[in-house]
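Asks: Line order of the protein sequences matches chains A and B. Reminder that position 250 of the first sequence reads as 249 in numbering that gives the first Met the number 0, one-by-one numbering, no gaps. Reminder that position 308 of the second sequence reads as 307 in numbering that gives the first Met the number 0, one-by-one numbering, no gaps. Glycine included, each C-beta is placed from N, C-alpha and C at the ideal position. Every value quoted in this text rests on a predicted model; they were computed, and no experiment measured them.
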Amino acid sequence: MDTFSSNDKKLLQVKNLKLYFRTTQGPVQAVDGVDFELDYNRAVVILGESGCGKSSLAKAILRLLPRNVAEYSGQILVDGSDVMTYDEERFRRDVRWSKMSLVPQAAMNALNPVLRVGDQVAEPAIIHMGMKKAEAFKTAQKMFQNVGVPVDFLVRYPFELSGGMRQRAAIAMALVTSPSLIILDEPTSALDLLTQANIMNVLKRIKQGFGTSYILITHDISTSSELADEVAVMYAGQIVETGDAMRFFTSPLHPYSQKLMASVPRLRGTQQPDFITGQPPSLINPPTGCRFAARCPSRFSACDQDPPVFEKEKRRVKCWLYS
Amino acid sequence: MSGVMTETSPKNPSLTANASGSNGALLSIKDLRVWFELRKFGFGHAGYVRAVDDVSFDVAYGEAIAVVGESGCGKSSLMKTILALYRPTQGTVVYQGHDLNQLDSKGLKWYRTQVGYVQQDPYGALPPFMSVQRILSEPMVIGGVHDKNQRLERINKVLEEVKMTPVMDFLGKFPHMLSGGQQQRVVIARSMIMEPKFIVADEPVSMLDASVRVEILKLLRGLQESHNLSVIYITHDLSTVRYFSERVFVMYAGKIIEKAQVDELLKNPCHPYTLALLAATSDPDARNALTFKEVPPGEPPSLVKPPPGCRFHPRCNKMIPGLCDVQVPPDFSVTPGHDVACWLFRPEGA
Numbered sequence: 000m001d002t003f004s005s006n007d008k009k010l011l012q013v014k015n016l017k018l019y020f021r022t023t024q025g026p027v028q029a030v031d032g033v034d035f036e037l038d039y040n041r042a043v044v045i046l047g048e049s050g051c052g053k054s055s056l057a058k059a060i061l062r063l064l065p066r067n068v069a070e071y072s073g074q075i076l077v078d079g080s081d082v083m084t085y086d087e088e089r090f091r092r093d094v095r096w097s098k099m100s101l102v103p104q105a106a107m108n109a110l111n112p113v114l115r116v117g118d119q120v121a122e123p124a125i126i127h128m129g130m131k132k133a134e135a136f137k138t139a140q141k142m143f144q145n146v147g148v149p150v151d152f153l154v155r156y157p158f159e160l161s162g163g164m165r166q167r168a169a170i171a172m173a174l175v176t177s178p179s180l181i182i183l184d185e186p187t188s189a190l191d192l193l194t195q196a197n198i199m200n201v202l203k204r205i206k207q208g209f210g211t212s213y214i215l216i217t218h219d220i221s222t223s224s225e226l227a228d229e230v231a232v233m234y235a236g237q238i239v240e241t242g243d244a245m246r247f248f249t250s251p252l253h254p255y256s257q258k259l260m261a262s263v264p265r266l267r268g269t270q271q272p273d274f275i276t277g278q279p280p281s282l283i284n285p286p287t288g289c290r291f292a293a294r295c296p297s298r299f300s301a302c303d304q305d306p307p308v309f310e311k312e313k314r315r316v317k318c319w320l321y322s
Numbered sequence: 000m001s002g003v004m005t006e007t008s009p010k011n012p013s014l015t016a017n018a019s020g021s022n023g024a025l026l027s028i029k030d031l032r033v034w035f036e037l038r039k040f041g042f043g044h045a046g047y048v049r050a051v052d053d054v055s056f057d058v059a060y061g062e063a064i065a066v067v068g069e070s071g072c073g074k075s076s077l078m079k080t081i082l083a084l085y086r087p088t089q090g091t092v093v094y095q096g097h098d099l100n101q102l103d104s105k106g107l108k109w110y111r112t113q114v115g116y117v118q119q120d121p122y123g124a125l126p127p128f129m130s131v132q133r134i135l136s137e138p139m140v141i142g143g144v145h146d147k148n149q150r151l152e153r154i155n156k157v158l159e160e161v162k163m164t165p166v167m168d169f170l171g172k173f174p175h176m177l178s179g180g181q182q183q184r185v186v187i188a189r190s191m192i193m194e195p196k197f198i199v200a201d202e203p204v205s206m207l208d209a210s211v212r213v214e215i216l217k218l219l220r221g222l223q224e225s226h227n228l229s230v231i232y233i234t235h236d237l238s239t240v241r242y243f244s245e246r247v248f249v250m251y252a253g254k255i256i257e258k259a260q261v262d263e264l265l266k267n268p269c270h271p272y273t274l275a276l277l278a279a280t281s282d283p284d285a286r287n288a289l290t291f292k293e294v295p296p297g298e299p300p301s302l303v304k305p306p307p308g309c310r311f312h313p314r315c316n317k318m319i320p321g322l323c324d325v326q327v328p329p330d331f332s333v334t335p336g337h338d339v340a341c342w343l344f345r346p347e348g349a
């Protein structure tokens, strides 16, 4: 294990991360030069339409790669040490699940149907923390209490649990090794409204109680605001805006973020929702300039060039309007 | 409005009877029950799943209605019964004076030209081996439009209406070549191709991207207004309801627990369950992160053995002991057009 002391170390720093997939038509640039940082006990929400590369970003951070990777490069610093230089065995031992864990998309269907829920939840503790089975089971019990599932459900099979319960079991599984970072890939998208609100409460409580950080990947802007300290907006494989949630939700900077926010139907208030015309570009041959230019209402001559990231009031935005 | 209706009377003579009991509504549902029998070892009776239990409402011409509820509350069973895919266990669904239960196969064929169905998952709803043109022709071949040119003409018209232009570019395409939004447009076009009187839309946007959702909802709303269609819009998302429909029905555990105009329901929600749903719906606001949501404990009841009395009472914080857990609440009127099935709103002295 590395030793870390200085206080200015971030929990996670991602620098120029790239993940391309090989296809017959050429490489798909799913994650193309992504930079962002995350501090201890903070939650960043990654927003974007489907196909913008947000799930690939989660996989790239946890190095859960499929076989058809064409390029995987950049830097990922966890607690200040570059985990990209670790070999597969060291990454598995020191990073995956011991420092960051994942609640996969549709997690309630990700449980093994022929194993008892408790055994599955305890397994990471046995493998990654070297616990004895009985001890791991006790930890699993504690996590079940934390996420609000009755403890006697530990000996049940996944099919005996409702969708919300299974989702909570998946969250308990991600928590059992007490990692400092949990990546949540669409944790509530398949759940009912009341269950959704419940899960969000559980996540908030865990964040307060354990000091956990989250990367929440979602396209549901309304629900994401329940957890967000910071927001990163992703478009066509790139992050186009990052900033703190307070200001993002009231006044987004990038034209895409503005359009995205305007497309959210609201329960309160009188604002009519709008929509974004056109479609995101193909990630096989993305346009050379700004990738949003073709759909952008405020495009001008400079947009043919790829915009760098500009800083404005501590927010970062990849758009020529803010040069 | 109803003047347009005369030409649509069915060719089947057995159907032309009694258009009287329908009091001007397009569709009228009365005491509807849809129960599914559970069997033990394949033959022993083991109870019923009461998916829809005692539901009554009318749909007027040109009216859009939203049915809101969580999964498992019976909204899909209600929809399928309206589409005449399920037979009601009890009660009636009457369309323009015709009881759906009494339609023969010819009558059902006619009924299905009158109703459009917009499915939830567009990719699953479109046959992958058919081109857009064939997908749109199919209902007309079955529905009795035999002239090929006439069919092409209608396809052109409908595709223009769902804004898939230029039409020629799309006719030869297969579903996998279209984006999710375009696929849903084809599904909508297919539901419109027989020029129906009303459309049932089952969560038409839940599988789509946030940025496309509003576009599809606006398209549906536009079609509804320009064709004076009645629409039943089934959803779990309360925030889209106000842009789409005139009236809302909130469903819980097989029953409609609150009916009201959209604005009225949002301004003056009555049933504790409706209140919980509204409280759980978030708007994008960073301040949400600072507070916890209030969520009723527990989960919706089993529909095999629903709790006695009000079905929400085990989760309700305003439960009146001795009343809510014993007697089923009838509909009480809060204001005209706003009914709520909750004992809290019983009239004074009752």
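1. Taking the beta strand (DSSP E) that residue 92 of chain A belongs to, which residues open and close that run?
2. Evaluate residue 368 of chain B with the Cβ neighbour count: other Cβ atoms within 10 Å of its Cβ, from every protein chain shown; 16 or more gives buried, anything less gives exposed.
3. Tell me the start and end of each unbroken beta strand (DSSP E) in the segment 78 to 137 of chain B that is at least 3 residues and wholly inside, in chain order.
4. Considering only heavy atoms of the ligand NAP, does any lie closer than 7 Å to the CB of residue 12 of chain A?
5. Spell out a yes or no on whether the segment 113 to 125 of chain B and the segment 173 to 184 of chain B are touching, meaning 3 or more CB-CB pairs, one atom from each, closer than 8 Å.
6. Nearest-angstrom Cα distance between residue 376 of chain B and residue 65 of chain B?
7. Kindly indicate which residue of B:141, B:127 and B:41 has the alpha-carbon position closest to the one of residue 171 of chain B.
8. Is there a C-beta anywhere in chain B that falls below 8 Å from the one on residue 8 of chain A?
9. Could you give the C-beta distance for residue 233 of chain A and residue 45 of chain A, rounded to a whole number, given that I count them as a contact under 8 Å?
10. Less than 8 Å between CB atoms is the rule here; does residue 220 of chain A satisfy it with respect to chain B?
11. State the DSSP-derived secondary structure class of residue 67 of chain A, mapped to helix, strand or coil.
12. With 7 Å as the C-beta to C-beta threshold (strictly closer), list the residues of the segment 255 to 268 of chain A near chain B in chain order.
13. Between residue 141 of chain A and chain B, is the shortest Cβ-Cβ distance under 8 Å, so that the two count as touching?
14. Name, going along the chain, the residues of the segment 210 to 237 of chain B whose beta-carbon falls closer than 9 Å to a beta-carbon of chain A.
15. Among A:18, A:86, A:21 and A:35, whose alpha-carbon lies nearest the alpha-carbon of residue 241 of chain A?
16. Residues of chain A with a CB under 9 Å from the CB of residue 276 of chain B: which are they?
17. Label residue 252 of chain A either buried or exposed according to how many other C-beta atoms from any shown protein chain fall within 10 Å of its C-beta, with 16 as the threshold for buried.
18. Hey, how far is the Cα of residue 106 of chain B from the Cα of residue 98 of chain B?
19. Starting from residue 233 of chain A, follow its DSSP beta bridges and name the residues at the other end.
20. If we cut at 8 Å on Cβ distances, does residue 148 of chain B have a partner in chain A?
21. If you draw a straight line from the C-alpha of residue 340 of chain B to the C-alpha of residue 236 of chain B, how long is it?
22. With a threshold of 6 Å on Cβ separation, who are the neighbours of residue 285 of chain B within its own chain once the five nearest residues in sequence on each side are excluded?
23. What residues of chain B sit near residue 203 of chain A, judged by a beta carbon separation below 7 Å?
24. For a contact defined as C-beta to C-beta under 8 Å, what are the partners of residue 200 of chain A on chain B?
25. Name the two residues that bound the continuous alpha helix (DSSP H) containing residue 164 of chain B.
26. Would you please state the rounded distance, in angstroms, between the beta carbons of residue 30 of chain A and residue 75 of chain A? I believe it to be under 8 Å.
27. Starting from residue 283 of chain B, find everything on chain A with Cβ-Cβ shorter than 7 Å and list it in chain order.
28. Candidates A:18, A:150 and A:237: which alpha carbon is nearest residue 67 of chain A's?
29. For residue 163 of chain B, tell me which candidate among B:203, B:218 and B:276 has the shortest Cα-Cα distance.
30. Residue 40 of chain A CB to nearest chain B CB: under 8 Å?
31. Note the first and the last residue of the continuous alpha helix (DSSP H) segment covering residue 213 of chain B.
32. Looking at the secondary structure, which residues open and close the alpha helix (DSSP H) in which residue 255 of chain A lies?
33. If we ignore side chains and look at the alpha-carbon of each, how far apart do residue 181 of chain A and residue 167 of chain A end up?
34. Under 8 Å between C-beta atoms, does residue 125 of chain A make it to chain B?
35. Between the beta-carbon of residue 184 of chain A and the beta-carbon of residue 103 of chain A, is there less than 8 Å?
36. Interface residues of chain A around residue 242 of chain B at Cβ under 9 Å?
Replies: Quick look at the numbers:
1. Translated into the one-based positions of the first sequence, residue 92 of chain A becomes position 93. That residue, residue 92 of chain A, is in no beta strand (DSSP E); its alpha helix (DSSP H) goes 87 to 93.
2. The requested residue 368 of chain B is not part of the displayed model; chain B covers only 0 to 349.
3. 89 to 94 and 114 to 117
4. As far as ligands go, the structure on display features none, and thus does not contain the ligand NAP.
5. yes
6. Residue numbering for chain B in the displayed model covers 0 to 349; residue 376 of chain B lies beyond these limits and cannot be assessed.
7. As a position in the second sequence, residue 171 of chain B is number 172, starting the count at 1. For residue 171 of chain B, the nearest C-alpha among the options comes from B:127.
8. If you number the first sequence from 1, residue 8 of chain A lands on position 9. It does not; no Cβ of chain B falls within 8 Å.
9. The sequence position of residue 233 of chain A within the first sequence is 234, counting from 1. The sequence position of residue 45 of chain A within the first sequence is 46, counting from 1. Yes, they are in contact, since the Cβ atoms of residue 233 of chain A and residue 45 of chain A sit about 6 Å apart, within 8 Å.
10. In the first sequence, the residue the question calls residue 220 of chain A occupies position 221. Answer yes: the Cβ-Cβ gap between residue 220 of chain A and chain B drops below 8 Å somewhere.
11. On the first sequence, position 68 is the one that residue 67 of chain A refers to. Coil, per DSSP.
12. 259, 260, 262, 263, 264, 265, 266 and 267
13. Taking the first residue of the first sequence as 1, we reach residue 141 of chain A at position 142. Output row for residue 141 of chain A: interface = no.
14. 210, 211, 212, 213, 214, 215, 216, 217, 235, 236 and 237
15. Taking the first sequence and counting its residues from 1, the one referred to as residue 241 of chain A is at position 242. The candidate whose alpha carbon is nearest that of residue 241 of chain A is A:35.
16. By one-based count along the second sequence, residue 276 of chain B stands at place 277. Per Cβ cutoff of 9 Å: 192 and 193.
17. Here residue 252 of chain A corresponds to residue number 253 of the first sequence, with the count starting at 1. Its Cβ being crowded by 16 or more others within 10 Å, residue 252 of chain A is buried.
18. Position 107 of the second sequence, counting from 1, holds the residue named residue 106 of chain B. Position 99 of the second sequence, counting from 1, holds the residue named residue 98 of chain B. Cα to Cα, the separation comes out at about 10 Å.
19. One-based indexing of the first sequence puts residue 233 of chain A at position 234. Note: residue 233 of chain A sits in a beta bridge opposite A:238.
20. Looking up residue 148 of chain B in the second sequence gives position 149. Not an interface residue.
21. One-based indexing of the second sequence puts residue 340 of chain B at position 341. One-based indexing of the second sequence puts residue 236 of chain B at position 237. Approximately 21 Å, taken between the alpha carbons.
22. Within the second sequence, the letter at position 286 stands for residue 285 of chain B. So no residue of the chain qualifies.
23. Here the question's residue 203 of chain A lines up with position 204 in the first sequence. Result: 291.
24. Residue mapping note: residue 200 of chain A aligns to position 201 of the first sequence, counting from 1. The answer, in chain order, is 291, 292 and 294.
25. Within the second sequence, residue 164 of chain B is the residue found at index 165, counting from 1. Element bounds for residue 164 of chain B: n/a, residue is neither H nor E.
26. On the first sequence, residue 30 of chain A is found 31 positions in, with the first residue counted as 1. On the first sequence, residue 75 of chain A is found 76 positions in, with the first residue counted as 1. Their Cβ separation, rounded to whole angstroms, is 11 Å, which puts residue 30 of chain A and residue 75 of chain A out of contact at 8 Å.
27. As a working note, residue 283 of chain B is residue 284 in the second sequence. Those are 220, 221, 224, 248, 260 and 263, listed as they occur along chain A.
28. Looking up residue 67 of chain A in the first sequence gives position 68. Here the closest residue by C-alpha is A:18.
29. In the second sequence, the residue the question calls residue 163 of chain B occupies position 164. Here the closest residue by C-alpha is B:218.
30. Numbered from its first residue, the first sequence carries residue 40 of chain A at position 41. So, not an interface residue.
31. Position 214 of the second sequence, counted from the start, is the residue given in the question as residue 213 of chain B. Here the alpha helix (DSSP H) through residue 213 of chain B covers 209 to 226.
32. Translated into the one-based positions of the first sequence, residue 255 of chain A becomes position 256. 254 to 261 is the span of the alpha helix (DSSP H), which, as asked, contains residue 255 of chain A.
33. For the purposes of this step, residue 181 of chain A is identified with residue 182 of the first sequence, where counting begins at 1. For the purposes of this step, residue 167 of chain A is identified with residue 168 of the first sequence, where counting begins at 1. Distance between the alpha carbons of residue 181 of chain A and residue 167 of chain A is about 14 Å.
34. Here the question's residue 125 of chain A lines up with position 126 in the first sequence. No, residue 125 of chain A lies away from the interface with chain B (no Cβ there is under 8 Å from its Cβ).
35. Residue mapping note: residue 184 of chain A aligns to position 185 of the first sequence, counting from 1. Residue mapping note: residue 103 of chain A aligns to position 104 of the first sequence, counting from 1. Yes, they are a contact pair.
36. What you label residue 242 of chain B is simply residue 243 of the second sequence in a count that begins at 1. Neighbours of residue 242 of chain B on chain A, chain order: 264, 271 and 272.
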